[in-house]
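Each residue of the sequence shown is one higher than the one before, counting from 12 in my numbering. Beta carbons are placed, not taken as given, at the ideal position from N, Cα and C, and that holds for glycine.
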Amino acid sequence: LGGNFLGVTSFLLGLLPNLQGLYLIPAELTQFYPVNGWKRYRGKEGYEFQFPQEWLVDQSVAFANQRGPADSMMGMKKKQGTGIIPAVAMGPAQGDARENVSVIKQKLQTSGFSLRTNLGEPSAAAQRLLDTAIAPPASGKVAKLLSASAEQRGATEVYQFEYVITLRNGLELHNVCAICTREDVLYTLTVLAPEQSWESKATRLRQVASSFKLV
């Protein structure tokens with residue numbers, strides 16, 4: 012590819028329908044050749060998703076991973092004082108971190124883990140995760156499940172669910188979460204924004220979640 016002189020390369024790639032132009036070039040080059048306002052991120056762990064071109068990678072997360080990512084064993088207690096570090100996180104350049112997307116990679120204890128076998132149908136799986144991991148009773152948070160579905164994306168089945176979580180301080184956050192597994196590792200993408208601004212951003216943020224897949 013030549014340089015993106017005056018945006019010509021991005022324009023030509025944008026002529027293809029359904030953002031197909033994003034997948035004609037290596038993911039890292041979409042940093043320089045955004046297509047119709049979107050870029051594509053591919054993690055070294057073998058997952059990818061689309062994100063708005065104006066969003067930036069959270070450098071504090073990137074630096075933390077350089078020091079050594081902390082995978083959390085599903086079903087085991089975390090080490091004292093240690094949380095789960097996302098594999099990647101990003102959001103608007105001038106944002107306050109309440110609008111963002113992140114991907115978490117977790118090693119599972121159960122060999123041969125599958126979403127349907129171990130978690131059940133999408134709605135049951137989503138409610139279980141809300142009740143036990145995202146907003147358990149002692150957390151002071153309240154979660155309301157809005158929808159849940161399953162979709163085959165490439166060779167992997169992905170569960171996607173949408174929910175609103177109310178924090179202790181009354182702040183409501185609207186979330187869309189996509190989960191899938193491979194080789195006993197659970198991958199979770201979550202994109203969120205304050206409920207009060209959700210309607211104006213819903214289409215774009217849902218697209219981020221819907222583009223998530225393993226590669």
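Item	Value
Between Phe62 and the ligand SAM, is the CB less than 7 angstroms from at least one heavy atom?	As presented, the structure is devoid of all ligands, the ligand SAM included, so that no description of it is given.
So, Val196 versus Leu119, is the Cβ gap smaller than 8 angstroms?	yes
Please list, in chain order, all residues of the same chain as Gly151 whose beta carbon is under 8 angstroms from its beta carbon, the five residues on each side excluded.	Leu178, Arg179
Using only the alpha-carbon positions, how far apart do Ser218 and Gly123 sit?	According to the sequence provided, residue 218 is Gln. The question's Ser does not apply to it. Roughly 30 angstroms separates the two Cα atoms.
Is it right to say Arg43 is buried, meaning 16 or more other beta carbons lie within 10 angstroms of its own, or is it exposed?	The sequence shown places Phe at residue 43, not Arg. It is exposed - the Cβ of Phe43 has fewer than 16 other Cβ atoms within 10 Å.
Assuming Arg78 is part of the alpha helix (DSSP H), what are its boundary residues?	70 to 78
What is the rounded straight-line gap between the Cα of Ile176 and the Cα of Lys212?	17 angstroms
Please identify the residue among Gly48, Glu210, Ser134 whose C-alpha is closest to the C-alpha of Gln171.	Ser134
Under the DSSP definition of a beta bridge, which residues are partnered with Gln163?	Glu168
Leaving out the 5 sequence neighbours to the left and right, which residues in its chain are closer than 6 angstroms to Thr167 when beta-carbon positions are compared?	Cys191, Leu225
Please state whether the Cβ-Cβ distance between Gln61 and Leu33 is less than 8 angstroms.	yes
With a floor of 3 residues, list each beta strand (DSSP E) that falls wholly inside the stretch 92 to 165, ordered by position along the chain.	99 to 103, 111 to 118, 153 to 164
On a CA-only basis, which of Glu65, Leu67, Trp66, Val99 is nearest Gln77? Give me that one, please.	Val99
Could you tell me which of Ile96, Glu173, Tyr198 sits nearest to Ser71, measuring between CA atoms?	Ile96
Taking Glu56 as the reference, give the member of Lys116, Asn129, Thr121 with the closest Cα.	Lys116
Does DSSP classify Glu173 as helix, strand or coil?	strand
Would Met101 pass as a contact of Leu126 if the rule is Cβ separation under 8 angstroms?	no
Which word fits Phe74, buried or exposed, when buried means at least 16 other C-beta atoms lie within 10 angstroms of its C-beta?	exposed
Straight-line CA distance for Pro103 to Asn111?	7 angstroms
With a Cβ-Cβ cutoff of 8 angstroms, do Val114 and Leu203 count as a contact?	no
Check Leu30 in the structure and name its three-state DSSP category.	helix
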